[in-house]
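So the sequence shown is numbered by our numbering: it starts at 216 and just counts up by one.
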Amino acid sequence: MAVQVFPAKRLGWWGLGVTLAFILLFVLKVGVAFPLPSPLIFGVGVIGVVLSIWAVVRGDRSLVLIILAAVVAVFVLFFVGGELLFPH
């Protein structure tokens, strides 16, 4: 199956949407002090990454989906790892 730019299946669009929702919520939290707990925001990010991985495994090879999911997954891992190593 060839790699496309955008997801072709519903699961891929859900993964992309939830991942974009995480990015939007995190930017709002940092930029304008949006009153939403950080663990909830990171939960949205983890769900988005899991949905994206599931979509890729099921055959939805989308460039945007893969890149955004990878960036968010690395960000979540480093952010949570940093919080665990250097709590404040």
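Just so it is clear, CB atoms sit at the ideal spot from N, CA and C, and this is done for glycine as well.
For L292 and P252, what's the separation of their Cα atoms in angstroms? Your numbering for residue 292 matches position 77 in the sequence shown. Your numbering for residue 252 matches position 37 in the sequence shown. When rounded, the distance between both Cα atoms is 18 Å.
Between the C-alpha atoms of V265 and T234, what's the straight-line distance to the nearest angstrom? Counted from its first residue, the sequence shown places residue 265 at position 50. Counted from its first residue, the sequence shown places residue 234 at position 19. Cα to Cα, the separation comes out at about 10 Å.
Looking at the secondary structure, which residues open and close the alpha helix (DSSP H) in which S277 lies? The count along the sequence shown starts at 1 and reaches residue 277 at position 62. Element bounds for S277: n/a, residue is neither H nor E.
Which residue comes first and which comes last in the alpha helix (DSSP H) that contains F241? For the purposes of this step, residue 241 is taken as residue 26 along the sequence shown, with counting starting at 1. Element bounds for F241: 225-247.
Distance, Cα to Cα, W229 vs L300? As a first step, residue 229 must be located in the sequence shown, where it is residue number 14. As a first step, residue 300 must be located in the sequence shown, where it is residue number 85. Cα-Cα distance, rounded: 32 Å.
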